[in-house]
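A short worksheet on the structure shown next.
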Amino acid sequence: MSKAAVRKLHWHSKVQDSFIPLVGSSGDLGVSVGGGADYGEFPFITAAPGGGLTVGDVILEIGGTPVLGMTLGDVRGVLHSCLHPIRIKTVSPGSVLCKDLRLYLSKCFTPGSMDSQLQQVIRENLYLRAVPCTTRLPRDGEISGLDYNFVSIEEFFSLEESAALLESGKFKGNYYGTPRPVHIGPESPPITYREHRNLLRNFRTRSKSLSNLEKAAEEENSEEVSGLYGGLQLL
1345 MSKAAVRKLH WHSKVQDSFI PLVGSSGDLG VSVGGGADYG EFPFITAAPG GGLTVGDVIL
1405 EIGGTPVLGM TLGDVRGVLH SCLHPIRIKT VSPGSVLCKD LRLYLSKCFT PGSMDSQLQQ
1465 VIRENLYLRA VPCTTRLPRD GEISGLDYNF VSIEEFFSLE ESAALLESGK FKGNYYGTPR
1525 PVHIGPESPP ITYREHRNLL RNFRTRSKSL SNLEKAAEEE NSEEVSGLYG GLQLL
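Residue 1549 in the working numbering sits at position 205 of the sequence shown; the count goes up by one each step and never skips.
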């Protein structure tokens, strides 16, 4: 199969780029969202009273901000803090990019491909609200609860069995996992559009828009992407 044919079959060829309509005299947003990483899902459209959007479609970006891997509260925070008109990118769920966040993170993609890089963007969003866990011992300078949650093997298996981990694996005899982020509550207000961009500046990698991911994949960018067992970043 030619590269052109493969690109046509890829989920990115079906991405819808549109603007969220305003409805009613009060100018309410013509879209409602559900899902979110705290539910183990990608965000998706649950209602579209303004028309132009499809219920059930996965939400990729809001206002240029990649929202895959965010909690539902943070997705809504970004949505309601964007300036109008709000641009949104969506895609119908398929066998590869579906509502199941854990399933997508478990897949092994070609390093440097758009999907591989997108997995890293998802982890950046996850790590805004979740701390990876590991069974290895802390290294000098590492702080439990900040760098990692250091757990016993029994505790790790318990987390796995309870479906609390979005991805997990073993590296050099130690287990690593990414837990579901906690639900947004009164003590932890949702991240706004501007706060999201500021927070990501603290990471060694940066969040990329879908257009940048596509460009990097087409140019066969050799940028390093963590992917030791489906991608969980191990440090």
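Every residue gets a Cβ at the ideal spot worked out from N, C-alpha and C, and that includes glycine.
Keep in mind it's a predicted model, so treat the numbers as computed, not measured.
Report task. Compare the Cα-Cα distances from L1543 to each of K1516, L1503, L1472 and P1482 and report the closest residue. Result -> Walking along the sequence shown from the start, residue 1543 turns up at place 199. For L1543, the nearest C-alpha among the options comes from L1472.
Query raised in the report: What is the DSSP secondary structure of F1494, reduced to helix, strand or coil?
Result: Locating residue 1494 in the sequence shown gives position 150, counting from the first residue. Here F1494 sits in strand by DSSP.
Query raised in the report: Leaving out the 5 sequence neighbours to the left and right, which residues in its chain are closer than 8 Å to C1442 when beta-carbon positions are compared?
Result: The sequence position of residue 1442 within the sequence shown is 98, counting from 1. Here the set comprises F1386, V1402 and Y1448.
Query raised in the report: Would you call the segment 1506-1521 and the segment 1426-1444 in contact, with 3 or more CB pairs under 8 Å?
Result: Contact fails between the segment 1506-1521 and the segment 1426-1444, because fewer than three Cβ pairs, one in each stretch, are under 8 Å apart.
Report task. Would you mind stating whether H1527 and T1409 have Cβ atoms separated by less than 8 Å? Result -> Walking along the sequence shown from the start, residue 1527 turns up at place 183. Walking along the sequence shown from the start, residue 1409 turns up at place 65. No, the pair does not count as a contact, with Cβ atoms beyond the cut-off.
Report task. Would you list the one or two residues that DSSP bridges to L1397? Result -> Taking the first residue of the sequence shown as 1, we reach residue 1397 at position 53. Answer is none; L1397 lacks a bridge partner.
Query raised in the report: If you follow the beta strand (DSSP E) that R1431 is part of, which residue opens it and which one closes it?
Result: In the sequence shown, the residue the question calls residue 1431 occupies position 87. Counting along the chain, the unbroken beta strand (DSSP E) around R1431 starts and ends at R1431 to V1435.
Query raised in the report: Within the 8 Å Cβ cut-off, does T1522 reach chain C?
Result: Looking at the structure shown, chain C is missing, and only one protein chain is on hand.
Query raised in the report: What number of angstroms, rounded off, separates the C-alpha of G1456 from the C-alpha of G1379?
Result: Position 112 of the sequence shown, counted from the start, is the residue given in the question as residue 1456. Position 35 of the sequence shown, counted from the start, is the residue given in the question as residue 1379. The straight-line gap from Cα to Cα measures roughly 28 Å.
Report task. Assess, as a yes-or-no matter, whether the segment 1351-1363 is touched by the segment 1416-1436 under the definition of 3 or more beta carbon pairs within less than 8 Å. Result -> Because the criterion of three Cβ pairs below 8 Å is met, the segment 1416-1436 and the segment 1351-1363 touch.
Query raised in the report: Got a sec? Which residues, its chain only, sit under 6 Å from D1459 by beta carbon, not counting five neighbours each side?
Result: Position 115 of the sequence shown, counting from 1, holds the residue named residue 1459. Within the same chain, D1459 has close Cβ partners F1453.
Query - K1358, DSSP secondary structure in three states - result: The residue given as residue 1358 occupies position 14 in the sequence shown. In this structure, K1358 counts as helix in the three-state DSSP scheme.
Requested in this report: Excluding the 5 residues preceding and the 5 following G1371 in the sequence, name in chain order all residues of the same chain whose CB lies nearer than 8 Å to its CB.
Outcome: The residue you call residue 1371 lines up with position 27 of the sequence shown. Apart from the 5 residues on each side of it in sequence, G1371 has no Cβ closer than 8 Å to any other Cβ in its chain.
Report task. Evaluate T1390 with the Cβ neighbour count: other Cβ atoms within 10 Å of its Cβ, from every protein chain shown; 16 or more gives buried, anything less gives exposed. Result -> Position 46 of the sequence shown, counted from the first residue, corresponds to residue 1390. With fewer than 16 other Cβ atoms from the protein chains shown falling within 10 Å of its own Cβ, T1390 counts as exposed.
Report task. Using a threshold of 8 Å, state whether the C-beta atoms of G1394 and P1365 are closer than that. Result -> Here residue 1394 corresponds to residue number 50 of the sequence shown, with the count starting at 1. Here residue 1365 corresponds to residue number 21 of the sequence shown, with the count starting at 1. Taking 8 Å as the Cβ cut-off, G1394 and P1365 qualify as a contacting pair.
Report task. Provide the residue(s) that pair with P1523 in DSSP beta bridges, ordered along the chain. Result -> Working through the sequence shown from its first residue, we reach residue 1523 at position 179. DSSP lists L1509 as partners of P1523.
Query raised in the report: In whole angstroms, what is the alpha-carbon distance linking E1486 and H1424?
Result: Start at 1 with the first residue of the sequence shown, and residue 1486 comes out as number 142. Start at 1 with the first residue of the sequence shown, and residue 1424 comes out as number 80. C-alpha separation (whole angstroms): 36 Å.
Report task. Entirely within the segment 1448-1506 and at least 3 residues each: give me those beta strand (DSSP E) ranges in chain order. Result -> The segment 1448-1506 contains no whole beta strand (DSSP E) run of 3 or more residues.
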